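Beneath this line is the structure, given in structure tokens, with notes to follow.
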Ligand SMILES: [Zn+2]
């Protein structure tokens, strides 16, 4: 997919209108490839359950609050 190729080269594009909190950290999605993203102390990076923990809400449900 072209989107994910671009992401691999220049980085993911955070959808800043769709940032939410999973109870521990801020989360969002990449606007191009829809990858799950997490905000760490260093900045936004791709969410990896084995690194960032599995005890989180995996999905953001619209209208949940
Ligand atoms: Zn991406």
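In our numbering, the protein residues as written are 16 to 80. Cβ coordinates follow ideal geometry from the N, Cα and C atoms, glycine included. Values in this document were obtained by computation on a predicted structure and should not be read as measured data.
Length of the line joining the Cα atoms of residue i and residue j
{"i": "residue 31", "j": "residue 44", "result": "9 Å"}
{"i": "residue 48", "j": "residue 29", "result": "10 Å"}
{"i": "residue 61", "j": "residue 67", "result": "10 Å"}
{"i": "residue 54", "j": "residue 71", "result": "14 Å"}
{"i": "residue 33", "j": "residue 52", "result": "11 Å"}
Sheet register partners of residue i (DSSP bridge)
{"i": "residue 107", "result": "The requested residue 107 does not occur in the structure, where the chain is confined to residues 16 to 80."}
{"i": "residue 29", "result": "45"}
Start and end residues, beta strand (DSSP E) containing residue i
{"i": "residue 53", "result": "51 to 55"}
Residues near residue i by beta carbon distance below 8 Å, same chain, minus five either side
{"i": "residue 22", "result": "28, 45, 47, 48 and 50"}
Same chain, Cβ closer than 6 Å to residue i, neighbours up to 5 away in sequence not counted
{"i": "residue 20", "result": "none"}
First through last residue of the alpha helix (DSSP H) which encompasses residue i
{"i": "residue 82", "result": "In the structure displayed, the chain extends from 16 to 80; residue 82 sits before or after that span and is not available."}
{"i": "residue 65", "result": "64 to 67"}
Residues of its chain near residue i, where Cβ-Cβ distance is below 7 Å and the 5 sequence neighbours each way are ignored
{"i": "residue 18", "result": "47 and 48"}
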